[in-house]
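The UniProt record's numbering numbers the first residue of the sequence shown as 1 and each following residue consecutively. Data first, discussion second: the structure below is written as structure tokens.
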Amino acid sequence: MENVVLKIENLSHRYSVQWAIKDINFEIPGKGIFGLLGSNGAGKSTIMNIMCGVLRPTEGNVWIKGISMTENAVKAKRYIGFLPQNPPVQMELTVNEYLSYCAGLRDIPRKEVQKAVDKVMERCAISHFKKRVIRNLSGGYRQRVGIAQAIIHNPDFVVLDEPTNGLDPNQILEIRRLVKEIAEERTVMLSTHILSEVQALCDDIRMIEQGRVVFAGTVDEFDNYLAPNSAIAILMAMPTRNELLKLPGVIKVEELGGPRYRLFFDRSTDAMEQIVETCVNRGWRLTEINIEKSSLNEVFAELSKK
Ligand SMILES: Nc1ncnc2c1ncn2[C@@H]1O[C@H](COP(=O)(O)OP(=O)(O)OP(=O)(O)O)[C@@H](O)[C@H]1O
């Protein structure tokens, strides 16, 4: 089990009466970027706070590289770096002072602190701001400092709770690039409610809704989760809308101009084959038909209803 970076078993938590998360189970076997996806209030931060030993679960257990977070938190935490949703930066300290303080908290021997700080500042491209007070940094650079404190002790596993939240588009791209670089050397888990973030960064996803896992798999599997339910057809004979509505399984027709039509069909049937066959039989001169894939947003919306 030491090779398994993270194992979560039967994890449940309630802050008061209602369960915030219920019976969560999953494992992260090795390197890569893992996404914890879910809408606001789904339970992502609760899971991450428990994983990182900031919150004690009501039920269940978490192991980091085989070490139980509930029984041996100090040892388990050595393998983890955590950027919580509100980065724990000290606004009045300079970047160098703050990271030196974090290095101390992480038990880095005093004479090695400056070397570790210099290395992590270089890694996160903040060396030129080492003497700048954190309050005077932009949101993107403050986030870099937050990421720097999470990796200063060179952990195997880095947990980032909504790392691009509140950043402008350029800062988002820069932080994503940094996250990718960090993941070259270690396992990264990040939470987000932004689908494009998952697509841009993650290899594997767990989607949480109302405290439960509603999807586990790769981004491609997520993308293919819903069977297609529309196709664009080019019918040179230009049949009428009413004629097309009589096609087997077709429930809606959009006329896109000239011979182009969007046909919506019932997901539960294998309507496509029958549509093609009928179009050909009726002599509508079907020259092209392309199935439209469901967008990630549709998948997200569908899974959120689960
Ligand atoms: N300290 C707390 N006390 C009481 N309830 C809480 C507390 N923290 C979170 N909750 C509740 O637990 C549920 C899960 O919240 P959590 O913050 O884990 O979700 P999230 O997916 O991280 O959402 P967001 O993206 O909005 O941060 C929500 O219903 C939330 O209101």
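Backbone N, C-alpha and C define an ideal beta-carbon position, used for all residues, glycine too.
For residue i, collect the residues of the same chain with a Cβ closer than 6 Å to its Cβ; drop the 5 residues on either side in sequence, then sort them by chain order.
i: E254; result: R262
i: A227; result: R267
i: P57; result: L11, H13 and I50
i: G160; result: The question names Gly, yet the displayed sequence has Leu at residue 160. So the list reads L83 and L190, once near-sequence residues are dropped.
i: I194; result: none
i: I234; result: P259, R260, T287 and E288
i: I33; result: A183, V188, L201, C202 and D203
Given residue i, which residues of its chain have a CB within under 7 Å of its CB, disregarding the five upstream and five downstream residues?
i: I24; result: I8, L11, I47 and V213
i: P65; result: The identity of residue 65 in the sequence shown is Lys, whereas the question assumes Pro. So the list reads E2, V5, Y79 and D156, once near-sequence residues are dropped.
i: M236; result: P259, R285 and T287
i: D266; result: G249 and I251
i: M244; result: Before going on, a small fix: residue 244 reads as Leu here, not Met. Cβ neighbours of L244 beyond the five flanking positions: V250, V253, Y261 and L263.
i: N61; result: E9, S68 and T70
i: G283; result: A237
i: V198; result: G35, L37, T192, I205 and V219
i: S304; result: S39 and E209
i: residue 308; result: Absent from the model: residue 308. The displayed extent of the chain is 1 to 306, so no value can be given.
i: E112; result: none
Per DSSP, which one or two residues make a beta bridge with residue i?
i: H13; result: I21
i: S191; result: L36 and D161
i: D204; result: F34 and T218
i: R262; result: I232 and E254
i: V4; result: According to DSSP, V4 bridges with nothing at all.
i: N290; result: I232
i: R212; result: E209
i: G81; result: V158
i: F26; result: I8
i: residue 395; result: No answer is possible for residue 395: the residues shown for the chain start at 1 and end at 306.
Can you find the residues in the same chain that come closer than 8 Å, C-beta to C-beta, to residue i, ignoring five residues on each side of it along the sequence?
i: V89; result: Y98, I134, R142, V145, G146 and Q149
i: L167; result: G139, G140, Q143 and I175
i: R110; result: G104
i: L93; result: Y101, V133 and I134
i: A20; result: H13, R14, G43, T46 and G211
i: L280; result: The question names Leu, but residue 280 is Val in the sequence shown. Excluding sequence neighbours, V280 sits near L286.
i: S127; result: D118 and M121
i: A231; result: R262, L263, F265, M272, I275, I289, N290, I291 and E292
i: residue 309; result: In this structure the chain extends from 1 to 306, so residue 309 is not present and cannot be described.
i: L256; result: I232 and R262
i: I152; result: G81, L99, C102, A103, R106, I108, A116, V117 and V120
i: T164; result: Q143, Q171, I172, I175, R176, T192, I194 and E197
Quick check: does the Cβ of residue i come within less than 7 Å of any heavy atom belonging to ligand 2?
i: K22; result: You won't find ligand 2 in this model; what it holds is ligand 1.
For chain C, is any of its Cβ atoms less than 8 Å away from the one on residue i?
i: F34; result: The chain inventory of the structure shown lacks chain C, comprising one protein chain alone.
Self-check item: Complete beta strand (DSSP E) runs within the segment 114 to 170 (minimum length 3 residues, chain order)
Solution: 157 to 161
>> Pairs of beta-carbons, one from the segment 67 to 79 and one from the segment 172 to 182, closer than 8 Å: are there three or more?
In response: no
Tell me whether the segment 55 to 65 and the segment 216 to 232 touch, counting them as touching only if at least three CB pairs, one residue from each stretch, are closer than 8 Å.
no
Quiz item: Mind pulling the beta strand (DSSP E) runs of 3 or more residues that sit fully within the segment 47 to 75?
Solution: 59 to 64
Report yes or no: do the segment 48 to 59 and the segment 196 to 215 share at least 3 C-beta pairs separated by less than 8 Å? Touching, no.
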